[in-house]
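Colleague: Mind having a look at this structure? Questions to follow.
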């Protein structure tokens, strides 16, 4: 509205300047006494200047528009400071005789104090009465005012009588719309708070208001002086103004007005009343073309008829009173959440009224029967120390509080302790509370045997604080269902002797128990079903009952600060289909019928600082069983399981499963079972110990499994792995008195690694491996296995390294049908008081790469078979037998190293750096290599045979039998065969038996040291070819060998049938009686490079060329 008035005013002010026509008034001489005068309208004349200003318009008659500026200095009624006014007076209708006029009057106001705007827009009418020589007027205005603190509007009006000598006017003012505005308040804080009726008050408050006043004023004035340029009038009057709920302002006023010309007027006014006191105001008005609307009219001596065009005299600014109201009660305490004062319904002993503080109710039942309580949004405040029975249903936004604990509310002053609270008076309620949205129960002892003590169904934002809850109800002591907002239990212990202490069903919001213990005696503690959100539980203790904590089909993120359970008939903790998470921070679980912890199809489970005890009297219970569980952490816990059931069972796990610093101690039965799944399972610092039982059983598992130390005594199997493709690692496996094998691996297609341990008193084999891949056993000591030290069958990629096997009954290491890449290295196999068969026996059944390196094989006072026995059955093979030490004292081996090649494929065989010793014992061959098929490249290099200093007997040093069907090349180089100080009795130092071969059969016998000065050998080197009856060609090089201690020949070469041998024999160092003997049978051909210098080239040895076959010289022993 203000903008509308402003726009209209600006529009009108912007119009071209207007002025009235000239009029020759009735002239009064100075010598005449002013009085009533009359004149004839016919004396009026209009001059040309009117036309100049307004043109020829007939709209304006004698009175014309005028505008101006008025400024008031000083205070006046209802206003402090000056006021500027921009005025426009606009005649609308005027009769032809200029005796009546209808006009519009507008002012734009500007408050000097704060530059706020106001406005007046009015319409009025004046009538000149010739017979009375007076002008009567009436007008009505719409006024606005902006004080800077409030905006007001009013309708005002007035009546006036204008005479030649005197004038009287009455104005009235009626505010409209908002007539009162509170712009501030000042609180004098108090140190105390007090109840008054149903509210809580504090301090004293002063409120500051602005009021637009209803009122009227009366003014009467008289012309006291007139001159040529001066018109002086004096006024007196009274006024009345009153605001809503305020005292009236009755006052008097006086005013002096002088017009020093028809353009300028001056006013001085003085007013007084008891509200605004005495005010003085001075005003200057400038109007153009004139104050009266008469252009070029007289400066003084205006008569009533000339004043139809003047602006009415009135209070232009709305009268506003600034007032303050003091409230001795202070201010009510406000609830910031609602912006309303707190409402209290009081309950006190002896009360029997309306629930006010002064007249409280005597019982909660009466308080809850109050319709106001049923509306909610209040505090029911119980001041009693009494008992009451009843079931109470809270309305929305209701708090039920007792004075027992310190009670607090949030207020505009911050958090406040409610008066009378903290008294220690706790009412006892036998019954229940049913919660609603935004409700609270604090400070009660609740007892119920017929229903839940607390029920929250389909509601939210619930607080249960500083209560005690005792229930013997067969259902739930606290029943929370379908929650829509958070629920908090604070310092409210809950005890149930039947049923379930806490049930949380079908909810998706947060539930928190803070310092609120949950105890079930012969009852279940917590049941969570179909719920989400975050659930934080404190300390839970359950004795007896079915399940201490049951969680089913939920998405919640659950935390349990402490869980203690004893003698649960089912499980202490049962979790089924939890897709959120669970963390148990500490606790003790003892003697659970099914399981201490039972997890099914759940995820993100963390168990910390738990002690789980299962006594021997519990034959079926499990400490932890997890089926279909993803991401399980058991940390810093202890599992003591004396019962016959499995201690830890993990079935179909996924994600990550970790046992960290959680030792498992078991008596009888199985300690840990892992079945199915593809989880990454890790036992870190979590030793598994079982007395009279098994350590771990892994069935058809995937993923990876990392196990720490496993120790068993008197069980059947310490570690059993069957099926699956998991990658399994056991840091250490210790077994004593296992009735079968401590380690059994079957159908394992992933990988298995054992990094250490000790097996003693073994019932069968130390380790039994069948139909598996990627198996590593290293650093294990096996004492007195009843059968094999390590038994492996149908294994792909096998690594047996750094193990110690003592007094094995059969083979120390037995491997059948080996394939892939394998290593048997760094092992020690000893026979002290019992005989073993082969120390290491390996057969391959496909492509294989095998290293048998740096093993120590020894036998004392026993009779054994071969030291190392390798047989290839099929496929291509690379076999390395290197750096092994094989020794026998006062006993007999078969062969120290025995190799049989039955494969039709290609074999690369290296036997190097081995040491074979026989002290007072009987060996077969030190190295025995036999090929029955296929192609082969063989290196027998740098081996030391029979290097001790006592008498011993051996069949031969190195025996090589070539019955191959493909290309074959053999290197026998730098070997030492017997350098005893005493006599050593051997057959041949090196015996090469070529039964079958093509033109690609090549044999190098070079740089070997055969026999010492006291040794007795049959032949130093024997080469035999042709016993198979097949025509073959072979190329043999015998160079740079040292041949001593011979009983027969230094070199003995025999070729039978239609075979051809092409040889290079050069640089051999022989003893004085050494003979190089060649026997070429009928149909055989012996070719020798540089045959004529054969003796000279070999230390002048005796050369015998015997037999019916032919001898030929060849320039290159490798030629066909």
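In the numbering used here, the protein residues as written are 380 to 1499. Yeah, the Cβ is synthetic: ideal placement off N, Cα and C, and Gly gets one too.
When the Cα of residue 1379 is compared with those of 1471, 1496, 1422, which residue comes out closest?
Modeller: Comparing Cα-Cα distances from residue 1379 to each of 1471, 1496, 1422, the minimum goes to 1496.
Colleague: Going straight from the alpha carbon of residue 897 to that of residue 960, what length do you get?
Modeller: If I take the Cα positions, the gap works out to 21 Å.
Colleague: In whole angstroms, give me the CA-to-CA distance for residue 787 and residue 867.
Modeller: Taking the straight line joining both Cα atoms gives about 16 Å.
Colleague: Taking DSSP as the reference, what is the three-state secondary structure of residue 442?
Modeller: Correct three-state label for residue 442: coil.
Colleague: Which residues in the same chain as residue 952 place their Cβ atom closer than 6 Å to its Cβ, once the five residues preceding and following it in sequence are excluded?
Modeller: Result list for residue 952: 928, 976, in chain order.
Colleague: What is the C-beta distance between residue 723 and residue 579, in whole angstroms, given that I count them as a contact (C-beta under 8 Å)?
Modeller: Between residue 579 and residue 723 the Cβ distance is about 7 Å, and since that is below 8 Å, they are a contact.
Colleague: Can you find the residues in the same chain that come closer than 6 Å, C-beta to C-beta, to residue 1284, ignoring five residues on each side of it along the sequence?
Modeller: Answer for residue 1284: 1254, 1255, 1313, listed in chain order.
Colleague: Of the residues 600, 726, 460, 978, which one's Cα is nearest the Cα of residue 494?
Modeller: Of the listed residues, the one whose Cα sits closest to residue 494 is 460.
Colleague: Could you tell me which whole beta strand (DSSP E) segments of length 3 or greater appear in the region 884–928?
Modeller: Fully enclosed beta strand (DSSP E) runs of 3 or longer: 890–893, 897–900, 903–908, 913–922.
Colleague: Quick check on this structure: which residue in 1135, 467, 474, 1444 has the alpha carbon closest to the alpha carbon of residue 441?
Modeller: Nearest C-alpha to residue 441: 474.
Colleague: Between the region 661–668 and the region 639–653, do at least 3 Cβ pairs fall closer than 8 Å?
Modeller: The region 661–668 vs the region 639–653: in contact.
Colleague: With a threshold of 8 Å, are at least 3 pairs of Cβ atoms found where one atom belongs to the region 749–767 and the other to the region 799–811?
Modeller: Enough Cβ pairs lie closer than 8 Å, so yes.
Colleague: Looking at C-beta atoms only, is the number of pairs between the region 1093–1111 and the region 1125–1132 that lie closer than 8 Å three or more?
Modeller: With the cut-off at 8 Å, the region 1093–1111 and the region 1125–1132 touch.
Colleague: Tell me which residue opens and which closes the alpha helix (DSSP H) that residue 745 is part of.
Modeller: Element bounds for residue 745: 743–748.
Colleague: Less than 8 Å between the beta carbons of residue 1514 and residue 660, yes or no?
Modeller: Nothing can be reported for residue 1514, as the shown portion of the chain is limited to 380 through 1499.
Colleague: Quick one: residues in its chain with C-beta nearer than 7 Å to the C-beta of residue 1119, no 5 flanking neighbours on either side, listed in chain order?
Modeller: Around residue 1119: 1095, 1096, 1142, 1143.
Colleague: Pick from 1445, 695, 1342, 1433: whose alpha carbon is nearest that of residue 1383?
Modeller: That would be 1445, whose Cα lies nearest to the Cα of residue 1383.
Colleague: Which of the three DSSP states is assigned to residue 584 in this structure?
Modeller: In the structure shown, residue 584 sits in a strand (DSSP, three-state: E or B).
Colleague: Identify, in the order they occur along the chain, each residue of the same chain with its Cβ nearer than 6 Å to the Cβ of residue 810, setting aside the five sequence neighbours on each side.
Modeller: Closer than 6 Å at the Cβ level, and outside the excluded window around residue 810, lie 768, 769, 770.
Colleague: Under a three-way DSSP split, which group does residue 1470 fall into?
Modeller: Helix, per DSSP.
Colleague: Contact check, residue 1231 vs residue 1259 under 8 Å by CB: the rounded distance?
Modeller: With 8 Å as the limit, residue 1231 and residue 1259 qualify as a contact, their Cβ atoms being about 7 Å apart.
Colleague: Give me the Cα-Cα distance between residue 1415 and residue 1319, rounded to the nearest whole angstrom.
Modeller: Using only the alpha carbons, I get a separation of about 15 Å.
Colleague: For the beta strand (DSSP E) that residue 838 lies in, which residues bound it at each end?
Modeller: First-last for residue 838: undefined, no H or E at that position.
Colleague: What do you reckon, are the CB atoms on residue 967 and residue 949 nearer than 8 Å?
Modeller: Result no, Cβ atoms of residue 967 and residue 949 do not sit closer than 8 Å.
Colleague: Taking Cβ positions, are residue 1052 and residue 1076 nearer each other than 8 Å?
Modeller: Cβ atoms of residue 1052 and residue 1076: closer than 8 Å.
Colleague: Under 8 Å between the Cβ atoms of residue 1321 and residue 1354?
Modeller: In this structure, residue 1354 lies closer than 8 Å to residue 1321 by Cβ.
Colleague: Taking 8 Å as the cut-off, decide whether the C-beta atoms of residue 969 and residue 936 are in contact.
Modeller: Not in contact: residue 969 and residue 936 (Cβ atoms no closer than 8 Å).
Colleague: Rounding to the nearest angstrom, what Cα-Cα distance links residue 1203 and residue 1236 in this structure?
Modeller: Roughly 12 Å separates the two Cα atoms.
Colleague: Can you tell me which of the three DSSP states residue 426 falls into?
Modeller: Note on residue 426: pLDDT 37, under 50, position unreliable in the model; the coordinate value appears next. Three-state DSSP puts residue 426 in coil, outside helix and strand.
Colleague: To the nearest angstrom, report how far apart residue 637 and residue 516 are at their CA atoms.
Modeller: Using only the alpha carbons, I get a separation of about 21 Å.
Colleague: Going along the chain, which residues of its own chain have a beta-carbon closer than 6 Å to the beta-carbon of residue 597, five neighbours each way excluded?
Modeller: Same-chain partners within the cutoff: 549, 616, 617.
Colleague: Under the DSSP definition of a beta bridge, which residues are partnered with residue 737?
Modeller: None; residue 737 has no bridge partner.
Colleague: Could you pull the DSSP bridge partners for residue 1499 from this structure?
Modeller: Answer is none; residue 1499 lacks a bridge partner.
Colleague: Between the region 523–534 and the region 723–733, are three or more C-beta pairs nearer than 8 Å?
Modeller: They do not touch, by the three-pair rule.
Colleague: Whose C-alpha, out of 1050, 1082, 1083, is nearest the C-alpha of residue 1072?
Modeller: With distances taken between Cα atoms, residue 1072 lies closest to 1050.
Colleague: If you count every other CB in all the chains shown that lies within 10 Å of the CB of residue 717, and 16 or more means buried, which is it?
Modeller: Exposed, since its Cβ has fewer than 16 Cβ neighbours within 10 Å.
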